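*Asks:* When we follow our numbering, the leftmost residue of the sequence shown carries the number 178, and every step to the right adds one.
Have a look at the structure that comes next, please.
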Amino acid sequence: MEKDALTSAPQKDDASSQEAAAQPKSDAEETLAQAEAVAEREAPRGTALTWSAVLVAVATLGLLGLHWFDTRERFAGLQAEVAQRLASSDAAGGEARMLAKQGQEATATLQARLIDLEAKLAESQSQQAAIDALLQDMTRNSDARLLSEIEQALGAAVQQLQLAGNVEAALIALQGADARLASAGRPQFLPLRKVIARDMERLKALPLADVHGIGLRIESVAAAVDSLPLAFEAKPVAAPEQAAAAPTAPDSTWTGFARQLAGELWREVKSLIRIERLDRPDPALLAPSHAFFLRENLRLRLLSARLALLQRDGAAFRREVQQSQAWIERYFDLRAAPVQTAVATLKQMGTAQVDLQLPTLSDSLTVLRNLRVAKETVAPAARNKGDN
(Lines of atoms letter the chains of each structure in order from A and count residues from 1; the text may use other names and numbers.)
(Lines give C-alpha, C1' and ligand atoms only; values in the text may rest on other atoms or scores of the structure.)
Protein backbone atom coordinates (compact mmCIF):
# COMPACT_ATOMS: atom_id res chain seq x y z
CA MET A 1 0.00 0.00 0.00
CA GLU A 2 2.78 2.27 0.80
CA LYS A 3 4.26 1.57 -2.63
CA ASP A 4 1.03 2.51 -4.28
CA ALA A 5 0.93 5.69 -2.31
CA LEU A 6 4.44 6.60 -3.42
CA THR A 7 3.68 6.01 -7.11
CA SER A 8 0.44 7.95 -6.95
CA ALA A 9 2.15 11.05 -5.51
CA PRO A 10 4.41 11.72 -8.55
CA GLN A 11 1.55 11.32 -10.89
CA LYS A 12 -0.32 14.05 -9.08
CA ASP A 13 2.65 16.37 -9.31
CA ASP A 14 2.96 15.92 -13.09
CA ALA A 15 -0.63 16.75 -13.61
CA SER A 16 -0.40 19.90 -11.59
CA SER A 17 2.70 21.04 -13.53
CA GLN A 18 1.01 20.51 -16.86
CA GLU A 19 -1.89 22.59 -15.76
CA ALA A 20 0.43 25.37 -14.62
CA ALA A 21 2.27 25.37 -17.99
CA ALA A 22 -0.92 25.44 -19.96
CA GLN A 23 -2.22 28.44 -18.07
CA PRO A 24 0.70 30.85 -18.99
CA LYS A 25 0.51 29.78 -22.56
CA SER A 26 -3.06 30.80 -22.78
CA ASP A 27 -2.21 34.17 -21.17
CA ALA A 28 0.48 34.87 -23.81
CA GLU A 29 -1.85 34.07 -26.60
CA GLU A 30 -4.35 36.47 -25.23
CA THR A 31 -1.79 39.24 -24.94
CA LEU A 32 -0.57 38.69 -28.50
CA ALA A 33 -4.05 38.85 -29.81
CA GLN A 34 -4.65 42.10 -28.01
CA ALA A 35 -1.43 43.57 -29.44
CA GLU A 36 -2.39 42.61 -32.95
CA ALA A 37 -5.69 44.27 -32.51
CA VAL A 38 -4.06 47.43 -31.23
CA ALA A 39 -1.58 47.39 -34.10
CA GLU A 40 -4.31 47.11 -36.62
CA ARG A 41 -6.00 50.11 -35.12
CA GLU A 42 -2.78 52.24 -34.90
CA ALA A 43 -1.10 51.15 -38.16
CA PRO A 44 -1.42 54.51 -40.00
CA ARG A 45 0.02 56.45 -37.09
CA GLY A 46 2.94 54.00 -36.62
CA THR A 47 4.00 54.36 -40.23
CA ALA A 48 4.49 58.12 -39.84
CA LEU A 49 6.50 57.63 -36.69
CA THR A 50 8.64 55.07 -38.42
CA TRP A 51 9.54 57.46 -41.24
CA SER A 52 10.30 60.16 -38.78
CA ALA A 53 12.56 57.81 -36.89
CA VAL A 54 14.27 56.80 -40.11
CA LEU A 55 14.91 60.44 -41.06
CA VAL A 56 16.25 61.18 -37.63
CA ALA A 57 18.44 58.13 -37.84
CA VAL A 58 19.74 59.13 -41.29
CA ALA A 59 20.46 62.68 -40.11
CA THR A 60 22.14 61.32 -37.05
CA LEU A 61 24.23 58.99 -39.15
CA GLY A 62 25.21 61.88 -41.42
CA LEU A 63 26.23 64.02 -38.50
CA LEU A 64 28.11 61.12 -37.00
CA GLY A 65 29.86 60.56 -40.33
CA LEU A 66 30.86 64.22 -40.61
CA HIS A 67 32.05 64.18 -37.03
CA TRP A 68 33.96 60.97 -37.64
CA PHE A 69 35.58 62.39 -40.76
CA ASP A 70 36.52 65.60 -38.98
CA THR A 71 37.81 63.66 -36.01
CA ARG A 72 39.81 61.44 -38.34
CA GLU A 73 41.37 64.44 -40.06
CA ARG A 74 42.23 65.99 -36.74
CA PHE A 75 43.60 62.71 -35.47
CA ALA A 76 45.70 62.35 -38.58
CA GLY A 77 47.05 65.88 -38.12
CA LEU A 78 47.72 65.24 -34.49
CA GLN A 79 49.35 61.96 -35.34
CA ALA A 80 51.58 63.66 -37.89
CA GLU A 81 52.44 66.43 -35.46
CA VAL A 82 53.12 63.90 -32.73
CA ALA A 83 55.29 61.91 -35.11
CA GLN A 84 57.16 65.07 -36.09
CA ARG A 85 57.58 66.04 -32.48
CA LEU A 86 58.70 62.54 -31.62
CA ALA A 87 61.22 62.69 -34.43
CA SER A 88 62.41 66.10 -33.23
CA SER A 89 62.55 64.86 -29.68
CA ASP A 90 64.47 61.80 -30.81
CA ALA A 91 66.96 64.02 -32.60
CA ALA A 92 67.14 66.35 -29.61
CA GLY A 93 67.47 63.34 -27.34
CA GLY A 94 70.31 62.00 -29.44
CA GLU A 95 72.00 65.37 -29.42
CA ALA A 96 71.36 65.64 -25.69
CA ARG A 97 72.81 62.18 -25.18
CA MET A 98 75.82 63.17 -27.22
CA LEU A 99 76.20 66.38 -25.26
CA ALA A 100 75.71 64.46 -22.03
CA LYS A 101 78.39 62.02 -23.09
CA GLN A 102 80.71 64.86 -23.98
CA GLY A 103 79.85 66.51 -20.68
CA GLN A 104 80.61 63.30 -18.82
CA GLU A 105 83.92 63.01 -20.63
CA ALA A 106 84.72 66.67 -19.88
CA THR A 107 83.66 66.15 -16.27
CA ALA A 108 85.90 63.12 -15.99
CA THR A 109 88.77 65.12 -17.49
CA LEU A 110 88.09 68.02 -15.15
CA GLN A 111 87.89 65.67 -12.18
CA ALA A 112 91.23 64.17 -13.13
CA ARG A 113 92.73 67.64 -13.50
CA LEU A 114 91.09 68.68 -10.23
CA ILE A 115 92.62 65.70 -8.45
CA ASP A 116 95.98 66.59 -9.95
CA LEU A 117 95.57 70.22 -8.93
CA GLU A 118 94.51 69.22 -5.42
CA ALA A 119 97.60 67.06 -5.11
CA LYS A 120 99.78 69.91 -6.35
CA LEU A 121 97.96 72.32 -4.04
CA ALA A 122 98.52 70.03 -1.07
CA GLU A 123 102.19 69.75 -1.99
CA SER A 124 102.50 73.52 -2.40
CA GLN A 125 100.69 74.05 0.90
CA SER A 126 103.08 71.71 2.66
CA GLN A 127 106.02 73.51 1.05
CA GLN A 128 104.52 76.87 2.01
CA ALA A 129 104.03 75.65 5.56
CA ALA A 130 107.66 74.55 5.68
CA ILE A 131 108.78 77.89 4.24
CA ASP A 132 106.58 79.75 6.74
CA ALA A 133 108.06 77.72 9.57
CA LEU A 134 111.57 78.50 8.35
CA LEU A 135 110.71 82.17 7.97
CA GLN A 136 109.23 82.24 11.46
CA ASP A 137 112.33 80.57 12.86
CA MET A 138 114.54 83.02 10.99
CA THR A 139 112.39 85.93 12.15
CA ARG A 140 112.50 84.73 15.74
CA ASN A 141 116.25 84.22 15.53
CA SER A 142 116.65 87.62 13.87
CA ASP A 143 114.51 89.23 16.56
CA ALA A 144 116.50 87.46 19.25
CA ARG A 145 119.79 88.66 17.75
CA LEU A 146 118.41 92.17 17.38
CA LEU A 147 117.23 92.24 20.99
CA SER A 148 120.64 90.96 22.10
CA GLU A 149 122.33 93.77 20.19
CA ILE A 150 119.98 96.34 21.71
CA GLU A 151 120.61 94.89 25.16
CA GLN A 152 124.36 95.21 24.64
CA ALA A 153 123.95 98.81 23.48
CA LEU A 154 121.80 99.66 26.51
CA GLY A 155 124.28 97.91 28.79
CA ALA A 156 127.11 99.96 27.31
CA ALA A 157 125.09 103.15 27.83
CA VAL A 158 124.39 102.22 31.45
CA GLN A 159 128.08 101.48 32.05
CA GLN A 160 129.09 104.81 30.54
CA LEU A 161 126.63 106.62 32.79
CA GLN A 162 127.23 104.76 36.05
CA LEU A 163 130.93 103.99 35.83
CA ALA A 164 132.37 106.76 33.67
CA GLY A 165 129.62 109.36 33.81
CA ASN A 166 130.10 109.88 30.08
CA VAL A 167 126.79 111.28 28.88
CA GLU A 168 127.97 111.70 25.31
CA ALA A 169 129.07 108.06 25.00
CA ALA A 170 125.78 106.87 26.51
CA LEU A 171 123.86 109.08 24.09
CA ILE A 172 125.83 107.66 21.15
CA ALA A 173 125.04 104.10 22.31
CA LEU A 174 121.32 104.91 22.58
CA GLN A 175 121.32 106.53 19.14
CA GLY A 176 122.94 103.42 17.69
CA ALA A 177 120.30 101.19 19.31
CA ASP A 178 117.48 103.38 17.98
CA ALA A 179 118.98 103.35 14.47
CA ARG A 180 119.24 99.54 14.60
CA LEU A 181 115.58 99.24 15.60
CA ALA A 182 114.55 101.70 12.87
CA SER A 183 116.41 99.70 10.21
CA ALA A 184 114.65 96.50 11.34
CA GLY A 185 111.23 98.06 10.71
CA ARG A 186 109.37 95.81 13.16
CA PRO A 187 106.16 97.36 14.56
CA GLN A 188 106.43 95.31 17.74
CA PHE A 189 109.56 97.26 18.67
CA LEU A 190 107.84 100.67 18.58
CA PRO A 191 107.30 100.79 22.40
CA LEU A 192 111.02 100.18 22.92
CA ARG A 193 111.92 102.92 20.45
CA LYS A 194 109.61 105.35 22.25
CA VAL A 195 111.25 104.64 25.61
CA ILE A 196 114.76 104.93 24.13
CA ALA A 197 113.80 108.26 22.50
CA ARG A 198 112.55 109.51 25.88
CA ASP A 199 115.82 108.48 27.54
CA MET A 200 117.81 110.26 24.82
CA GLU A 201 115.81 113.45 25.38
CA ARG A 202 116.54 113.21 29.11
CA LEU A 203 120.26 112.84 28.42
CA LYS A 204 120.25 115.76 25.98
CA ALA A 205 118.55 117.94 28.59
CA LEU A 206 121.35 117.39 31.12
CA PRO A 207 123.91 120.17 31.65
CA LEU A 208 127.11 119.59 29.72
CA ALA A 209 129.74 118.04 31.98
CA ASP A 210 132.80 116.48 30.38
CA VAL A 211 133.19 113.79 32.98
CA HIS A 212 135.29 111.66 30.69
CA GLY A 213 137.65 114.55 29.95
CA ILE A 214 137.91 115.46 33.63
CA GLY A 215 138.69 111.86 34.47
CA LEU A 216 141.44 111.78 31.83
CA ARG A 217 142.99 114.97 33.23
CA ILE A 218 142.95 113.49 36.74
CA GLU A 219 144.68 110.38 35.41
CA SER A 220 147.31 112.54 33.67
CA VAL A 221 148.08 114.39 36.93
CA ALA A 222 148.20 111.09 38.84
CA ALA A 223 150.57 109.62 36.25
CA ALA A 224 152.88 112.66 36.55
CA VAL A 225 153.12 112.52 40.36
CA ASP A 226 156.32 110.49 40.31
CA SER A 227 158.03 113.00 38.01
CA LEU A 228 157.07 116.13 39.97
CA PRO A 229 160.10 117.60 41.76
CA LEU A 230 159.80 118.22 45.48
CA ALA A 231 160.54 121.62 46.94
CA PHE A 232 163.42 120.38 49.17
CA GLU A 233 165.17 118.37 46.48
CA ALA A 234 168.52 119.71 45.21
CA LYS A 235 168.42 121.47 41.87
CA PRO A 236 171.00 120.64 39.25
CA VAL A 237 173.68 123.35 38.93
CA ALA A 238 174.29 124.62 35.45
CA ALA A 239 177.98 125.53 35.99
CA PRO A 240 179.26 121.99 36.50
CA GLU A 241 177.23 120.84 33.49
CA GLN A 242 178.74 123.56 31.39
CA ALA A 243 182.15 122.72 32.73
CA ALA A 244 181.57 119.08 31.94
CA ALA A 245 180.34 119.95 28.50
CA ALA A 246 183.31 122.19 27.76
CA PRO A 247 186.54 120.44 26.86
CA THR A 248 188.81 120.29 29.92
CA ALA A 249 192.44 120.67 29.40
CA PRO A 250 194.89 119.52 32.03
CA ASP A 251 196.47 122.41 33.97
CA SER A 252 200.01 121.63 34.94
CA THR A 253 200.48 124.71 37.11
CA TRP A 254 200.12 124.76 40.88
CA THR A 255 197.52 127.51 40.64
CA GLY A 256 195.25 125.50 38.39
CA PHE A 257 195.61 122.42 40.55
CA ALA A 258 194.70 124.39 43.68
CA ARG A 259 191.66 125.95 42.02
CA GLN A 260 190.42 122.56 40.87
CA LEU A 261 190.87 121.09 44.32
CA ALA A 262 189.01 123.98 45.92
CA GLY A 263 186.08 123.55 43.54
CA GLU A 264 185.76 119.85 44.30
CA LEU A 265 185.85 120.49 48.05
CA TRP A 266 183.14 123.15 47.72
CA ARG A 267 180.85 120.80 45.80
CA GLU A 268 181.28 118.13 48.44
CA VAL A 269 180.44 120.60 51.19
CA LYS A 270 177.28 121.79 49.37
CA SER A 271 176.09 118.23 48.92
CA LEU A 272 176.30 117.69 52.67
CA ILE A 273 174.33 120.80 53.67
CA ARG A 274 170.53 121.26 53.01
CA ILE A 275 168.18 123.99 54.14
CA GLU A 276 164.57 122.82 54.83
CA ARG A 277 161.43 124.43 56.36
CA LEU A 278 159.82 122.35 59.04
CA ASP A 279 157.73 125.07 60.64
CA ARG A 280 154.58 123.78 58.91
CA PRO A 281 154.23 120.08 59.80
CA ASP A 282 151.79 117.90 57.82
CA PRO A 283 150.70 114.34 58.56
CA ALA A 284 151.53 113.35 54.99
CA LEU A 285 155.19 114.29 55.15
CA LEU A 286 157.41 115.01 58.16
CA ALA A 287 160.86 114.27 56.77
CA PRO A 288 162.64 113.98 53.41
CA SER A 289 162.56 110.19 53.65
CA HIS A 290 158.76 110.35 53.47
CA ALA A 291 158.74 111.56 49.84
CA PHE A 292 157.57 108.15 48.62
CA PHE A 293 154.57 108.16 50.95
CA LEU A 294 153.78 111.75 49.96
CA ARG A 295 153.57 110.79 46.31
CA GLU A 296 151.50 107.69 47.07
CA ASN A 297 149.08 109.65 49.26
CA LEU A 298 148.77 112.31 46.57
CA ARG A 299 148.01 109.63 44.00
CA LEU A 300 145.37 108.15 46.31
CA ARG A 301 143.81 111.58 46.70
CA LEU A 302 143.57 111.93 42.95
CA LEU A 303 142.06 108.45 42.60
CA SER A 304 139.50 109.33 45.29
CA ALA A 305 138.66 112.48 43.34
CA ARG A 306 138.11 110.38 40.21
CA LEU A 307 135.88 107.95 42.12
CA ALA A 308 133.84 110.87 43.48
CA LEU A 309 133.59 112.16 39.92
CA LEU A 310 132.15 108.86 38.72
CA GLN A 311 129.74 108.78 41.66
CA ARG A 312 128.59 112.33 40.93
CA ASP A 313 129.61 113.34 44.46
CA GLY A 314 130.47 116.97 43.82
CA ALA A 315 131.42 117.81 47.42
CA ALA A 316 133.84 114.88 47.77
CA PHE A 317 135.29 115.58 44.32
CA ARG A 318 136.02 119.23 45.13
CA ARG A 319 137.42 118.32 48.55
CA GLU A 320 139.87 115.78 47.14
CA VAL A 321 140.94 118.09 44.29
CA GLN A 322 141.52 121.01 46.64
CA GLN A 323 143.49 118.85 49.06
CA SER A 324 145.64 117.50 46.23
CA GLN A 325 146.24 121.03 44.98
CA ALA A 326 147.24 122.18 48.48
CA TRP A 327 149.74 119.34 48.84
CA ILE A 328 151.32 120.07 45.46
CA GLU A 329 151.60 123.79 46.23
CA ARG A 330 153.13 123.07 49.66
CA TYR A 331 155.57 120.23 49.04
CA PHE A 332 156.51 120.47 45.37
CA ASP A 333 158.64 122.94 43.48
CA LEU A 334 156.27 125.52 42.05
CA ARG A 335 159.02 126.80 39.76
CA ALA A 336 158.99 123.56 37.77
CA ALA A 337 156.80 123.52 34.66
CA PRO A 338 155.19 120.09 35.39
CA VAL A 339 154.17 121.28 38.85
CA GLN A 340 152.65 124.46 37.44
CA THR A 341 150.72 122.41 34.86
CA ALA A 342 149.38 120.07 37.56
CA VAL A 343 148.29 122.98 39.77
CA ALA A 344 146.52 124.72 36.86
CA THR A 345 144.73 121.47 35.94
CA LEU A 346 143.53 120.93 39.50
CA LYS A 347 142.30 124.53 39.76
CA GLN A 348 140.29 124.09 36.55
CA MET A 349 138.80 120.80 37.74
CA GLY A 350 137.87 122.27 41.11
CA THR A 351 135.34 124.56 39.46
CA ALA A 352 133.70 121.82 37.35
CA GLN A 353 130.05 120.94 38.04
CA VAL A 354 129.96 117.18 38.36
CA ASP A 355 127.14 116.48 40.83
CA LEU A 356 124.46 115.67 38.23
CA GLN A 357 121.58 113.20 38.58
CA LEU A 358 122.00 110.87 35.63
CA PRO A 359 119.12 108.69 34.39
CA THR A 360 119.35 104.96 34.99
CA LEU A 361 117.72 103.83 31.70
CA SER A 362 115.58 101.44 33.74
CA ASP A 363 112.50 102.03 31.57
CA SER A 364 114.31 100.98 28.40
CA LEU A 365 115.75 97.90 30.10
CA THR A 366 112.31 96.92 31.45
CA VAL A 367 110.62 97.19 28.04
CA LEU A 368 113.49 95.22 26.48
CA ARG A 369 113.14 92.42 29.04
CA ASN A 370 109.37 92.29 28.46
CA LEU A 371 109.92 91.92 24.72
CA ARG A 372 112.41 89.11 25.28
CA VAL A 373 109.99 87.30 27.60
CA ALA A 374 107.16 87.70 25.06
CA LYS A 375 109.34 86.30 22.27
CA GLU A 376 110.44 83.35 24.40
CA THR A 377 106.79 82.64 25.29
CA VAL A 378 105.45 82.87 21.73
CA ALA A 379 108.22 80.78 20.16
CA PRO A 380 107.28 77.38 21.76
CA ALA A 381 103.58 77.96 21.01
CA ALA A 382 104.29 78.70 17.34
CA ARG A 383 106.60 75.70 17.11
CA ASN A 384 103.95 73.37 18.57
CA LYS A 385 101.33 74.78 16.19
CA GLY A 386 103.62 74.17 13.21
CA ASP A 387 104.23 70.59 14.34
CA ASN A 388 100.48 69.96 14.59
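Note that CB positions come from ideal geometry on N, CA and C, so glycine has one too.
All figures in this text were calculated on a predicted structure; none of them were measured in a lab.
Short of 7 Å in beta carbon distance, which residues of its chain neighbour ALA485, apart from the five on each side in sequence? Order them along the chain.
*Replies:* ALA493, PHE494, GLU497
*Asks:* Helix, strand or coil, according to DSSP, for LEU535 in the structure here?
*Replies:* coil
*Asks:* One question on the structure: do ALA399 and LEU480 come within less than 8 Å of each other, judged by their Cβ atoms?
*Replies:* yes
*Asks:* Is GLU258 near the ligand FMN - that is, is its Cβ less than 7 Å away from at least one heavy atom of it?
*Replies:* Questions concerning the ligand FMN fall outside what the structure shown contains, since it holds no ligand whatsoever.
*Asks:* Considering only residues of the same chain and omitting the five flanking positions on each side of ASP532, which have a CB-CB separation below 8 Å?
*Replies:* Listed in chain order, the non-local C-beta contacts of ASP532 below 8 Å within the same chain comprise ARG489, ASP490, GLY491, ALA492, PHE494, local neighbours out to five positions each way being set aside.
*Asks:* Which value, in whole angstroms, describes the spacing of the CA atoms of ALA321 and GLY362?
*Replies:* 15 Å
*Asks:* Pick out whichever of SER325, GLU345, ILE292 has its Cα sitting closest to the Cα of GLU553.
*Replies:* SER325
*Asks:* Would VAL235 be called buried (16 or more neighbouring beta carbons within 10 Å of its own) or exposed?
*Replies:* exposed
*Asks:* Would DSSP call LEU542 helix, strand or coil?
*Replies:* helix
*Asks:* When the distance is taken between beta carbons, is ILE327 closer than 8 Å to LEU358?
*Replies:* Closer than 8 Å, so yes.
*Asks:* Please name the residue or residues paired with PHE509 in a DSSP beta bridge.
*Replies:* LEU407
*Asks:* Starting from ALA435, trace the alpha helix (DSSP H) both ways and give me its first and last residue.
*Replies:* 431 to 449
*Asks:* First and last residue of the alpha helix (DSSP H) that includes VAL388?
*Replies:* 388 to 400
*Asks:* Find the nearest neighbour of LEU487 within the set THR522, ALA439, ILE391, judged by alpha-carbon distance.
*Replies:* ILE391
*Asks:* For the alpha helix (DSSP H) that PRO515 lies in, which residues bound it at each end?
*Replies:* Counting along the chain, the unbroken alpha helix (DSSP H) around PRO515 starts and ends at 514 to 527.
*Asks:* If you draw a straight line from the C-alpha of ASP371 to the C-alpha of LEU405, how long is it?
*Replies:* A quick correction: the sequence has Lys, not Asp, at residue 371. Cα to Cα, the separation comes out at about 52 Å.
*Asks:* For ALA346, which of ALA356, VAL335, ASP355 has the nearest alpha-carbon?
*Replies:* VAL335
*Asks:* Of the residues PHE246, SER541, THR537, which one's Cα is nearest the Cα of LEU338?
*Replies:* THR537
*Asks:* Could you have a look at ASP320 and say whether DSSP puts it in helix, strand or coil?
*Replies:* helix
*Asks:* Looking at GLN500: is its Cβ nearer than 8 Å to the Cβ of ARG478?
*Replies:* yes
*Asks:* Could you have a look at GLN530 and say whether DSSP puts it in helix, strand or coil?
*Replies:* When secondary structure is reduced to three states using DSSP, GLN530 falls in the coil class, being assigned neither helix nor strand.
*Asks:* Nearest by alpha-carbon distance to GLN534: which of ALA382, LEU449, ALA519 is it?
*Replies:* ALA382
*Asks:* Assuming the contact rule is C-beta atoms closer than 8 Å, ARG394 and THR522 should be a hit. Round their C-beta distance to whole Å, please.
*Replies:* 5 Å
*Asks:* Can you tell me whether TRP245 is buried or exposed, with buried defined as 16 or more other CB within 10 angstroms of its CB?
*Replies:* When all chains shown are included, TRP245 counts as exposed.
*Asks:* Report all residues from its chain with a CB closer than 8 Å to the CB of VAL520; omit the five preceding and five following residues, and keep chain order.
*Replies:* GLN502, ILE505, GLU506, LEU511
*Asks:* Express the C-alpha separation of TYR508 and THR172 in angstroms, rounding to a whole number.
*Replies:* Since the first residue of the chain shown is 178 and the last is 565, residue 172 is not available in this structure.
*Asks:* Start and end of the alpha helix (DSSP H) containing PHE469?
*Replies:* First-last of the alpha helix (DSSP H) with PHE469: 468 to 487.
*Asks:* So, helix, strand or coil for THR364, using DSSP?
*Replies:* Per the sequence shown, residue 364 should be read as Pro rather than Thr. Three-state result, PRO364: helix.
*Asks:* Please identify the residue among ALA374, GLN365, ALA514 whose C-alpha is closest to the C-alpha of ASN547.
*Replies:* GLN365
*Asks:* Roughly how far, in whole angstroms, is the beta-carbon of ASP540 from the beta-carbon of ASP376, given that I think they are within contact range, below 8 Å?
*Replies:* 7 Å
*Asks:* If you draw a straight line from the C-alpha of LEU241 to the C-alpha of GLY254, how long is it?
*Replies:* 20 Å
*Asks:* Pop quiz: ALA350 and ALA374 are said to be a contact at Cβ under 8 Å. What is the actual Cβ separation, rounded to whole angstroms?
*Replies:* With a Cβ gap of about 14 Å, ALA350 and ALA374 do not count as contacting.
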